[in-house]
Amino acid sequence: AGAHATSATGRWGWLAEGACVRPWVYAHNTEPLSFTHLHQPLGHPGGANFVEGRVRVRHKPNAEWVGRLSLLHRVQGRSTGTSETNLVMVAGELPTASTAGRDGDDGHAWLQGVNASLTRVELDVARYLGTKFGVGGIEAFLRVWARIETQQGGVAWTPEWDTHRIELGVRHSRVMQERDW
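Quick note, this note's numbering runs 92 ahead of the 1-based positions in the sequence shown.
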């Protein structure tokens, strides 16, 4: 679910979204039958068994420049084990995990397993290049982002992953940012 608005001038805009996905949504009895493509879920990029919210603010000071600031926070129940193929407790967040490994069809608590909390903040500044070079929908960008992850209630099969990155490049200007599912 979400909401968005743009100012009358079009210079400012905001977007707020929330998503909740129960455990075992994309899983099936075997991996080839799971709702995946190239080991990724055919749906929300977070997989399953999570609750998340995101907020984005956009500012266009003129026709050539645009700035975006976004914040994502996700809480997810994760499986325990030493690897994706050696799980001790299967929480239902992995689209490729077999439903044969779960404890029955009913009674799976939302956010069961290790409680993983992820926060990501991102600042993105871009300049439209399309009109200058006669190619529509192209922009040069600089993006700075950081993510912080914590886990409580056990050790998940994936360790906490705190990182940051600076990206510089050229892209299509209608970037979906994980909303193309």
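C-beta atoms are modelled at their ideal positions from N, C-alpha and C, and glycine is treated no differently. Just so it is clear, the structure is predicted and the values come from calculations on it, not from any experiment.
Could you tell me the alpha carbon to alpha carbon distance between residue i and residue j, rounded to whole angstroms?
i: Ala189; j: Arg263; result: 34 Å
i: Pro153; j: Ala208; result: 38 Å
i: Pro251; j: Thr242; result: 9 Å
i: Ala111; j: Val180; result: 27 Å
i: Arg166; j: Thr177; result: 24 Å
i: Leu164; j: Ala108; result: 10 Å
i: Val149; j: Ala192; result: 43 Å
i: Glu224; j: Gly94; result: The residue you asked about is not Glu; residue 224 is Lys in the sequence shown. Whole-angstrom Cα-Cα distance: 34 Å.
i: Ala100; j: Asn141; result: 39 Å
i: Ala232; j: Ser265; result: 9 Å
i: Thr174; j: Glu144; result: 26 Å
i: Thr122; j: Gly226; result: 49 Å
i: Leu186; j: Thr98; result: 36 Å
Reducing DSSP to helix, strand and coil, say where residue i ends up.
i: Ala218; result: strand
i: Ala93; result: coil
i: Ala155; result: coil
i: Gly261; result: strand
i: Thr191; result: helix
i: Thr211; result: strand
i: Thr177; result: coil
Taking the alpha carbon of residue i as the point to measure from, which residue in the options has its own alpha carbon closest?
i: His256; options: Val227, Trp249 and Ala238; result: Ala238
i: His151; options: Ile258, Phe233 and Gly102; result: Gly102
i: Ser162; options: Glu176, Val113, Gly169 and Val147; result: Val147
i: Gln204; options: Gly245, Arg212 and Asp216; result: Gly245
i: Gly199; options: Gly184, Asp216, Val213 and Leu234; result: Gly184
i: Leu221; options: Glu214, Leu215, Ile230 and Val213; result: Ile230
i: Glu259; options: Arg219, Leu234, Pro187 and Leu210; result: Leu234
Rounded C-beta distance between residue i and residue j? I'm assuming under 8 Å.
i: Thr172; j: Val236; result: With 8 Å as the limit, Thr172 and Val236 do not qualify as a contact, their Cβ atoms being about 33 Å apart.
i: Tyr118; j: Gly135; result: 6 Å
i: His96; j: Trp106; result: 6 Å
Would you kindly check if the distance between the Cβ of residue j and the Cβ of residue i is under 8 Å?
i: Gly159; j: Val217; result: yes
i: Arg194; j: Trp116; result: yes
i: Arg114; j: Trp249; result: no
Beta-carbon of residue i versus every beta-carbon of chain D: anything under 8 Å?
i: Thr242; result: The chain labelled as chain D is not found in the depicted structure, where only one protein chain is given.
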